[in-house]
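The sequence shown runs contiguously to residue 178 in numbering that gives the first Met the number 0.
No residue lacks a Cβ here, since even glycine has one placed at the ideal position from N, Cα and C.
For reference, the structure discussed in these notes is given below.
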Amino acid sequence: MPPFRIELLARHETAGFRCGIAGLDAYLRRRAARDMVARKSACYVAIEGGTDRIAGFYTLSAAGIPLAGLPEGLRHRLQEDSILSAARIGRLAVDIAFQGRKLGSALLIDAAAKALAAGTEPHALIATARTAEAKAFYGQHGFERLRFEPGCLAIPVSTLAILLGAEVPSYMATAARAA
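Structure, rendered in structure tokens:
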């Protein structure tokens, strides 16, 4: 049995989750399911095999990025668009008992794979980092700071596809050829 499986939050027991940041713990317990019902975001949980304990979670939603806020490397190819489609990781947290096992990286990879597979043609995966630790985490995974929102970071979908060993989406390959 794999150590973790990642699935949509459903009737999972959330009360025991503790990541060390009270706001993230409270979000999972009180708001994540409501946000899913309201179609604001999807919440995915990493479940420990054998115990069914939530080891971590992330939320994923659709977003838009103003062109002026993009890093130059992505902006120069897309002069005609004023807003780019993106996927947003709103929250990502790992229970204290599971920290230090690269589960956060695994959740990030899963979010990237889901963003690529969604069929919404996002140009980037964005995340909001509210702490220095979160900024460092996303930075070590190739995310760059965006100008339009404090703490907002992004990575181009084409970069994610390469990192995941997936095919660069055709809509991104077309933009790259046009440059």
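* VAL44: buried (16+ other C-beta within 10 angstroms of its C-beta) or exposed? -> buried
* To do: Kindly identify the DSSP beta-bridge partner or partners of THR127.
  => CYS151
* Nearest-angstrom beta carbon gap, LEU59 and ALA32 [assumed within contact, 8 Å] -> That belief does not hold up - the Cβ atoms of ALA32 and LEU59 are roughly 15 Å apart, past 8 Å.
* Asked: Cα-Cα, which of HIS11, MET35, ALA85, ARG17 is closest to THR50?
  -> HIS11
* Might you give, ordered along the chain, the residues of its own chain that have their beta carbon closer than 6 Å to the beta carbon of GLN98, omitting 5 neighbours on each side? => none
* DSSP beta-bridge partners for ARG4? -> ILE46
* To do: Pull up the CB-CB distance for GLY55 and ASP94, whole angstroms please, since I reckon it's below 8 Å.
  => 6 Å
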